[in-house]
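Residue numbers (the numbering used here): -5 to 33. Glycine included, each C-beta is placed from N, C-alpha and C at the ideal position. Note that the structure is a prediction, hence the values are computed from the model and not measured. Each remark here refers to the structure printed beneath this line.
Below you can see the structure in the form of structure tokens.
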């Protein structure tokens, strides 16, 4: 599963996260190493 190599969960919510209809929005990401700055 994805937990074997690690994963991260990203949460976006409200105007500063780019939303026009406010709701909690989550991504579960795995499969590649995170770089900095992210992108």
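- Between residue 5 and residue 20 a beta carbon distance of about 5 Å is seen, short of the 8 Å cut, so the two are scored as contacting.
- One alpha carbon belongs to residue 24, the other to residue 11, and they sit about 21 Å apart.
- For residue 19, DSSP records a beta bridge to 6.
- The beta carbons of residue 18 and residue 7 sit closer together than 8 Å.
- Counting only the Cα atoms, residue 26 lies some 10 Å from residue 2.
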